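Heads up: the sequence lines are chains V and B, in that order.
For the first sequence, this note's numbering assigns the number 4 to the initial residue and increments by one for each residue that follows.
For the second sequence, this note's numbering assigns the number 57 to the initial residue and increments by one for each residue that follows.
All C-beta atoms, glycine included, are put in the ideal place defined by N, C-alpha and C.
Remember, it's a predicted structure, so these values are computed and weren't measured experimentally.
Notes for the one structure printed next.
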Amino acid sequence: MDILIIGIFLSAGLFMGWSLGANDAANIFGTAVGTKMVSFRTAAIICSVFVIIGAVVGGSGTSHTLGKLGTINAIAGAFAVSASAAFTVMMMTKRGLPVSTSQAIVGAIIGWNIFGGLQTDTKVVVDIAQTWVFTPILAAIFAVIIYWIVKYIIEHTKIHVVKMDKYTRWGLIIAGAFGAYSLGANNIANVMGVFIQVSPFNDITIGNVAFTGIQQLFLLGGIAIAVGVITYSKKVMTTVGNSIFKLSPINAFVVVLATSLVLFVFSSEGIYNFLTSRNLPALPLVPVSQSQAVIGAIMGIGLAKGGRNIDLSKIGKISIGWVLTPLISIVISFVALSILQNVFLQTVVG
Amino acid sequence: MKIFKNRNKELEMEINLYLNSLQKGSNTFLEGVKSYLRCEVEQFDERVKLITEQEKDADEHLVNIKYVLFRYNLIPDLSADILELVDSMDDINDVSKEVLLNLQVIKPNIDPLLIDDFGHIAKKSNKAVESVIKGVRLYLTEFMTVEDYITKTNLYESEVDTLLHNVKVKIFGDQIKCSLSEKLLLDKFADEIAALSDIAEKIASKLSVFRFKRSI
């Protein structure tokens, strides 16, 4: 297929990646940059590098689960699914509705299944939907535990405030790097997952290192995320750092670490294989919403502080998003596939 | 990367040196007042020289703290609090120097009946300053224990208030035989010596608020 055509079809995924980098990097480094603990340049470099590493090294688990939901076997179909998810996110964000890329892509894939007259595996849907509920809860639990540990250290050690500042900066950078890695590993499925079956890349070997076509696809997605981080996230970071969630740098460290851990456990094949090989229950490898994990972590801190100032309406808004986002995405995906097939005469289902 | 240069060590050292200067200044103030009350002219003049140097030294450290704090953007979330704290502490050496210089220039005649009272006020004022400086040091390290020193500072300040009231009653009572202008001058000096404890109390009250901001 013509490289230009491939480029056009992949553009939807690349746009998704750019948008992810522009918005979600702020959840990782927003407070650090907003409070001037870390310069934007440092944040952008670390975020870009680790998001790419995460995507290439650890992105296959979550993509595999999305594949079980629906194996999109035509590049035009993958384009329509990805573009529909991106459009859903854009539209809902514009209206101030809580939205998650992960939920939008799941809806769009189901839309493709419906359009193609294919059966959607309800067990996979249930597994995925469960993770949406678990994400903020797990983030809150992690945040409470990390908060207590950090609080104990701060209150029971004689660390000078100036040294504490230095440690906090390091903490934010390390947690940020981990957060970027986890974001890349977990959310690359949203960016490039639907293109796996139609990947135009072949496996290559450089020296002794084998580089699969899927890894090349994820590298491209990772680069798109990195471009989003570098080109647009500064604006979002300063907003997140200063106005939406007013967190102290230490609390931001807790939130970032808790969120990153959630994304990590939902994308780590190592943990998954370790648990399943011992017949222990394991969390499914699913792309989850980083923003909702952040909200969960912030609520966790609120709970650890005694449960004051917890905005319960946020929980309500999140749960509306769990239902609304995939539903809207299904409809948009169905319409987009129809247009692409009937107006532009493209093969959307192989 | 800029943030990894060890400016933190420099700032920590500057803050320590600044607090040491203030502590020395407060001690010099006490010794100066004592020398004056004992009519030890030479020692008193030495103390005046010393406090002038200590005040200058503290000012230099204060400038360095501000420079390092803002030039390298250290402790951004607490920098405003720390700056406010160190700025307000600068008054300790300023007032100490002013009191000793005024004593040197005006040379008030202190009635033997008032010497102990003035000595006590100076001693308790010094104690209040000492406590608040300890409190500030703890705010920077073990902030959970700051409250003890805040309470101590307030206690010393209220003792100074009581002593000040008593000395005023004595000054304007019949026992002290001097003109009204001399009495007013003594009253002014009593206020000046006691002013140090008021400064300590103000710093303590700021510390009490800033302490909460340090807890996560």
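Residue i versus the options, residue with shortest Cα-Cα distance
| i | options | result |
| --- | --- | --- |
| V129(V) | I199(V), T68(V), H159(V), W115(V) | T68(V) |
| D163(B) | R94(B), E257(B), S264(B) | Checking the displayed sequence, the identity of residue 163(B) turns out to be Lys instead of Asp. The shortest C-alpha separation from K163(B) is found at R94(B). |
| V92(V) | G196(V), G353(V), L330(V) | L330(V) |
| D147(B) | I107(B), V225(B), D204(B), S235(B) | I107(B) |
| A47(V) | V84(V), I152(V), V239(V) | V239(V) |
| E203(B) | N83(B), S237(B), E109(B), S261(B) | S261(B) |
| G225(V) | F12(V), G10(V), W21(V), A15(V) | W21(V) |
| S187(B) | N158(B), T201(B), L157(B) | T201(B) |
| A246(B) | V119(B), H221(B), I232(B), C234(B) | H221(B) |
| L141(B) | G191(B), E109(B), D173(B) | G191(B) |
| N26(V) | Q349(V), V268(V), I228(V) | I228(V) |
| L260(V) | V147(V), N116(V), T45(V), L17(V) | V147(V) |
| L242(B) | I177(B), L263(B), K153(B), K112(B) | I177(B) |
Residue i, DSSP secondary structure in three states
| i | result |
| --- | --- |
| K65(B) | helix |
| S77(B) | helix |
| F174(B) | helix |
| I209(V) | strand |
| F266(B) | helix |
| F137(V) | helix |
| F214(V) | strand |
| S246(V) | Summary for S246(V): the model assigns pLDDT 47, below 50, so the residue's position carries little reliability; its value from the coordinates is reported in the next sentence. If DSSP states are grouped into helix, strand and coil, S246(V) belongs with the helices. |
| H163(V) | coil |
| V289(V) | coil |
| E96(B) | coil |
| C234(B) | coil |
| T262(V) | helix |
| D254(B) | helix |
| V155(B) | helix |
| G299(V) | helix |
| T123(V) | coil |
| D247(B) | helix |
| P203(V) | coil |
| Y128(B) | coil |
| T96(V) | helix |
| Q219(V) | helix |
| G225(B) | Looking at the sequence shown, residue 225(B) is not Gly but Val. Residue state, collapsed to three classes: helix. |
Closer than 8 Å to chain V by CB, residue i
| i | result |
| --- | --- |
| P164(B) | no |
| N129(B) | yes |
| L196(B) | yes |
| L134(B) | yes |
| T169(B) | Reading the sequence as shown, one finds Leu at residue 169(B) and not Thr. Not an interface residue. |
| N64(B) | yes |
| L67(B) | yes |
| K262(B) | no |
Contact list for residue i against chain V, beta-carbon separation under 7 Å
| i | result |
| --- | --- |
| K200(B) | The sequence shown places Met at residue 200(B), not Lys. Residues of chain V passing the Cβ test: E158. |
Neighbour flag for residue i against chain B, beta carbons, 8 Å
| i | result |
| --- | --- |
| N30(V) | no |
| I148(V) | no |
| N2(V) | This structure gives no information on residue 2(V), because the portion of chain V shown stretches from 4 to 353. |
| S251(V) | yes |
| K166(V) | yes |
| I247(V) | Unreliable placement is indicated for I247(V), whose pLDDT of 49 sits below 50; the coordinate value is still reported in the next sentence. Closer than 8 Å: no. |
| K71(V) | no |
| K169(V) | yes |
Proximal chain B residues relative to residue i, where beta-carbon distance stays under 9 Å
| i | result |
| --- | --- |
| K154(V) | S271, I272 |
| N211(V) | By Cβ distance, chain B contributes nothing, its closest Cβ being about 33 Å from N211(V), past 9 Å. |
Partners in chain B for residue i, counting only beta-carbon separations shorter than 8 Å
| i | result |
| --- | --- |
| K161(V) | T197, E198 |
| N254(V) | I272 |
Of all the residues that make up the region 140-158 of chain B, which are near chain V by a beta-carbon distance shorter than 8 Å?
none
Along the region 113-128 of chain B, where does the CB come closer than 9 Å to a CB of chain V? Name the residues.
none
Mind checking the region 21-53 of chain V against chain B and listing, in chain order, the residues whose C-beta falls within less than 8 Å of any C-beta there?
T38, K39, M40, V41, S42, T45
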